[in-house]
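S.K.:
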Amino acid sequence: MRLIVILLFAIGIAWPAAAGGTLVLRGGGVYTLDPARPWARAVVVRDGRIVYVGDDAGAAPYEPGARVVRLDGLMVLPGFQDSHIHLIGGGLRLTRCQLKGLTTAEAIYAAVAACAAKDKSAWLRGAGWAPEAFGARGPSLAKLDQIVGDRPAFLTTEDGFTAWVNSRALAAGGVSDSDGVVEGEAYARIRAKAPKPSPAQYREALKAASAMANRFGITSAVDASANDDAIDAYHAADLANELTLRLVAAQIVDPKDGRARIAAIMARRDAVKGRRFRADAAKIFLDGELEQETAALSQDYAGKPNSAGRLKADPAQIRLAVSALNYHRFLIHMHAMGDSAVTTGLDAIASAREIERDVFGVNEVRVRHQLAHLGLVAPASLSAFAKIGVGSNFQPAFLLADDRAALEAVLGPQRVGRLYPTQTVASAGAQLLISSDWPSPTMNPLEIIQYALTRQPLDGSKPPHQPEERITLTQALAAYTINAAWASRSDAETGSIVVDKRADLVVLDRNLFETPVGEIHKARVLLTLLDGASVYSDPSLALR
């Protein structure tokens, strides 16, 4: 039987989700995320559901006629759930000119030339170039005009906040007096002139990003700000039974738009709900970014009086929008980077909870809301997440991707010393979430988990920043599985390995609890199951 299973992996045949099939995973470390039974040795799956969790002896009666995988010490986890990602946006990058990882100007120029020769789109789009590859002078406008002179070119950095553009792109956006590197308003004006992707391109992007997610063991995700075209693509793929992960889309809401916008997203939510896709989350941007000095702070940016940044809407408008969304049972997902934005978001949710209690007599938390990013959190707000019942969603890779010198210049040393207070918020009892915010800077949960555990580069080349804010492996795995399921309102079905839950599982090549912390990122996903069917299998599993 084991030989048959190995051969199936070797020739790349995915296990079907057809009714009647039984799969037995046995002989490994099964970390269940179930407090009643944290560890097991075996899991049995039938018809897409978990029917047994326990020791190997208890799994033996299921083996006759079943597909059996002898794990031989491998680790089984619930499928990872990315609670803050931009799946189609990142997928579009995968289908465009790839510049990530190139370390010299010459290599980037050569890659752009190759892309321009191959890609005949109306605009040449690409992403991933590193500013340091060009040195102090930066990328050349003249060189990009030489390489791509027949159409606009728009090439972003990995974080997506800066673009290198040619003269045709500058003209299209009505931008003058630029050296070809644009940010902020100029960036937005040029980007707005680029042609929208077609429905077919959106579907291609979804397919590419989903394959990457499955390869990393991800079985569920929340698109943290999905536009109408992305929602159409998700819905169409769901109707066609093409989705290889469960998806929740957060529809963008500007509190200034009032009731009309909420009515529109309610109609959209009800129209697209399907088998593996829902659009029952709402995204509110409370502020901007620390590096760009657009995050809303309680005190001024360093050395700049009257420069604390601004909220994107009036607090009264935010409270009204949050109360309405809470009443209509949307999962509210707020971008909050600065401490003033975090406080405003928490206050708005607390107000909505009070209205629900005082007007409707509801005492329990019925809708799960979250604040994402949390670059700075005021001391008085640290315990509010737990008190109000709000998820705290951190992106551990940000700390390593951010330019620390630039952040210290805009925040000062005291505030830089309390960035991303992950452990402090978690220790205060908050529902801790960690996620990627992919496409910046990595989607891989195992890399992100190591960042959260170490707060230093994967190779350990720099000392940890605020080591007191490191979290434990137990916390990190919960944040990526059962807590994320809580946040997407799917914890009754997914997020832990429990009888009757859906068989969304991942098999790793090693037990993370027996792996040195600095080597967690080296662990590989060997098998990803969604509803008990293989959506990814590593060919190396055939060598075991």
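Anchor point for the sequence shown: position 465 equals 464 in numbering that gives the first Met the number 0, and the numbering is continuous, going up by one each time. Here a beta-carbon is modelled for each residue, glycine too, at the ideal position from N, C-alpha and C.
Are there 16 or more other CB atoms within 10 angstroms of the CB of Ala162, so buried, or fewer, so exposed?
M.R.: The residue is buried, with at least 16 neighbouring Cβ atoms inside 10 Å.
S.K.: Taking 7 Å as the limit between beta carbons, can you name the residues of its chain near Gln298, skipping five residues before and five after?
M.R.: Correct list, in chain order: Ala307.
S.K.: How far does the alpha helix (DSSP H) with Ala35 in it extend, from its first residue to its last?
M.R.: Looking at the DSSP string, Ala35 is not in any alpha helix (DSSP H), and its letter there is neither H nor E.
S.K.: Helix, strand or coil for Phe8, going by three-state DSSP, please let me know.
M.R.: Confidence in Phe8 is poor, its pLDDT being 37 and thus under 50, which makes the residue's placement unreliable; the coordinate value appears in the next sentence. DSSP places Phe8 in helix when its eight states are reduced to three.
S.K.: Decide yes or no for the touch test of the region 460-469 against the region 225-235: beta carbon pairs closer than 8 Å, at least 3 of them.
M.R.: They do not touch, by the three-pair rule.
S.K.: For Gly88, which of helix, strand or coil comes out of DSSP?
M.R.: Three-state DSSP puts Gly88 in a helix.
S.K.: Using the C-alpha atoms, what's the distance from Asn443 back to Thr421?
M.R.: Approximately 19 Å between the Cα atoms of the pair.
S.K.: Considering just the uninterrupted stretch of the beta strand (DSSP E) at His332, what are its terminal residues?
M.R.: Taken as a continuous stretch (DSSP letters only), the beta strand (DSSP E) holding His332 covers 330-335.
S.K.: Can you tell me where the beta strand (DSSP E) with Arg309 in it begins and where it stops?
M.R.: Run containing Arg309: none; DSSP gives neither H nor E here.
S.K.: Determine the DSSP secondary structure at Gln413, reduced to helix, strand or coil.
M.R.: DSSP places Gln413 in helix when its eight states are reduced to three.
S.K.: Taking the Cβ atom as the reference point for each residue, do Val68 and Ala41 lie within a distance shorter than 8 Å?
M.R.: Cβ atoms of Val68 and Ala41: not closer than 8 Å.
S.K.: If we call anything under 8 Å between Cβ atoms a contact, is Phe79 one with Thr218?
M.R.: Closer than 8 Å, so yes.
S.K.: Can the beta-carbon of Asn482 be found closer than 8 Å to that of Ser434?
M.R.: In this structure, Ser434 does not lie closer than 8 Å to Asn482 by Cβ.
S.K.: For Ala239 and Ile331, I'd like the C-alpha separation in whole angstroms.
M.R.: The straight-line gap from Cα to Cα measures roughly 28 Å.
S.K.: Helix, strand or coil: which one does DSSP assign to Met74?
M.R.: DSSP places Met74 in strand when its eight states are reduced to three.
S.K.: Whose C-beta lies closer than 7 Å to the C-beta of Tyr61 among residues of the same chain, with five residues either side of it excluded?
M.R.: Same-chain partners within the cutoff: Thr21, Val23, Val43, Tyr51.
S.K.: Would Leu457 and Glu468 be called neighbours here (beta carbons separated by less than 8 Å)?
M.R.: No, the pair does not count as a contact, with Cβ atoms beyond the cut-off.
S.K.: Let me make sure I understand the geometry here. Which of Ala115, Arg214, Asp54, Tyr186 has the alpha-carbon closest to that of Leu525?
M.R.: Selected option, being the one with the closest Cα: Arg214.
S.K.: Quick check on DSSP: helix, strand or coil for Gly179?
M.R.: Looking at Gly179 - three-state DSSP - the assignment turns out to be coil, as it is neither helix nor strand.
S.K.: Does the ligand MG have a heavy atom nearer than 7 Å to the CB of Glu492?
M.R.: In terms of ligand content, the structure shown is empty, and the ligand MG therefore cannot be addressed.
S.K.: In whole angstroms, give me the CA-to-CA distance for Gly273 and Ile146.
M.R.: Each residue's Cα considered, the two are about 45 Å apart.
S.K.: Going by other Cβ atoms of all chains shown within 10 Å of its Cβ, with 16 needed for buried, is Arg202 buried or exposed?
M.R.: Buried.
S.K.: Please state if the CB of Asp222 and the CB of Val91 are separated by a distance shorter than 8 Å.
M.R.: Per the sequence shown, the amino acid found at residue 91 is Leu instead of Val. No, Cβ-Cβ distance for Leu91 and Asp222 is not below 8 Å.
S.K.: State whether the region 426-433 contacts the region 405-418, with contact taken as three or more CB pairs (one from each stretch) at a distance under 8 Å.
M.R.: Short answer: they don't touch.
S.K.: Could you check the C-alpha separation between Leu410 and Leu123 for me, to the nearest Å?
M.R.: Rounded to the nearest angstrom, the two C-alpha atoms are 36 Å apart.
S.K.: Measure the C-alpha to C-alpha separation of Leu154 and Val164 and round it to an integer number of angstroms.
M.R.: Each residue's alpha carbon lies about 6 Å from the other.
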